[in-house]
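Engineer:
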Amino acid sequence: MQAGTPVEQRIRACQDIRKFITLRQVKGGAVWKGQYLGRVVRWYYARGETDTIHYTTNGNTVARSQGSRPCMVLPDALPADIDLDWYVREAREMLGDLGVADLVEGGCAHPRVQMALI
Numbered sequence: 000m001q002a003g004t005p006v007e008q009r010i011r012a013c014q015d016i017r018k019f020i021t022l023r024q025v026k027g028g029a030v031w032k033g034q035y036l037g038r039v040v041r042w043y044y045a046r047g048e049t050d051t052i053h054y055t056t057n058g059n060t061v062a063r064s065q066g067s068r069p070c071m072v073l074p075d076a077l078p079a080d081i082d083l084d085w086y087v088r089e090a091r092e093m094l095g096d097l098g099v100a101d102l103v104e105g106g107c108a109h110p111r112v113q114m115a116l117i
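Numbering of the sequence shown is given in numbering that gives the first Met the number 0, commencing with residue 0 and proceeding in unit increments.
(1) For Arg41, which residues does DSSP report across the bridge?
(2) Answer yes or no: do Val72 and Thr55 have a C-beta to C-beta separation smaller than 9 Å?
(3) Where does Leu73 sit, in a helix, a strand or coil, going by DSSP?
(4) From Gly28 to Gly3, what distance separates their C-alpha atoms?
(5) With a 10 Å radius around its C-beta and 16 neighbouring C-beta atoms as the bar for buried, classify Leu97 as buried or exposed.
(6) For the alpha helix (DSSP H) containing Leu97, name the first residue and the last one.
(7) For Trp31, list the residues DSSP reports as bridge partners.
(8) Taking DSSP's pairing of strands, which residues face Tyr54 in a bridge?
(9) Considering only DSSP beta bridges, list what Ser67 is partnered with.
(10) Pick from Asp75, Leu22, Tyr86, Arg63: whose alpha carbon is nearest that of Arg38?
(11) In whole angstroms, give me the CA-to-CA distance for Val25 and Pro5.
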């Protein structure tokens, strides 16, 4: 964490899609809206998205993929529909879980901890 930078400010200022991507190996492969994605899936959380990514083998939902949009090829710029509010909420929740409640409103961190290095 960097002293004094609010979590929301850090997240909204970040322009590196790699900091927002979730990467997961999916045994047997994954599909999204009928499109085969492969055995290693990248996604980000998108505004207005309600679908989930599913295992090809049994149709079960891939963990934590609700509201996600696959991002198998990294774009040069952030997608217009990236749900930055989701990332802000996630970061604040993680900070609270870590007992850093005094920094939740004015601190800095990132969901999945990697944004602290931006």
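Ideal Cβ placement from N, Cα and C applies to all residues, glycine included.
Computed from a predicted structure; not experimentally measured.
Structural biologist: Inspection of the coordinates gives the following:
(1) Translated into positions along the sequence shown, residue 41 becomes position 42. In the DSSP output, where bridge partners are listed per residue, Arg41 has Leu22.
(2) As a first step, residue 72 must be located in the sequence shown, where it is residue number 73. As a first step, residue 55 must be located in the sequence shown, where it is residue number 56. Going by C-beta atoms, Val72 is not nearer than 9 Å to Thr55.
(3) Mapped onto the sequence shown, residue 73 falls at position 74. Of the three classes helix, strand and coil, the one that applies to Leu73 here is coil, per DSSP.
(4) Here residue 28 is taken as the residue at index 29 of the sequence shown, counted from 1. Here residue 3 is taken as the residue at index 4 of the sequence shown, counted from 1. Roughly 42 Å between the two C-alpha positions.
(5) The residue labelled residue 97 in the question sits at position 98 within the sequence shown. Per the 10 Å Cβ criterion, exposed.
(6) Mapped onto the sequence shown, residue 97 falls at position 98. Careful: Leu97 lies outside any alpha helix (DSSP H) and carries neither H nor E.
(7) For this step, residue 31 is matched to residue 32 along the sequence shown. Answer by DSSP bridge pairing, in chain order: Gln34.
(8) Looking up residue 54 in the sequence shown gives position 55. DSSP lists Ala29 as partners of Tyr54.
(9) For this step, residue 67 is matched to residue 68 along the sequence shown. The partner list for Ser67 (beta bridge, DSSP) reads Tyr44.
(10) Indexing the sequence shown from 1 puts residue 38 at position 39. Nearest C-alpha to Arg38: Leu22.
(11) Counting from 1 along the sequence shown, the entry for residue 25 is found at position 26. Counting from 1 along the sequence shown, the entry for residue 5 is found at position 6. Annotation: Val25 to Pro5 spans about 34 Å, alpha carbon to alpha carbon.
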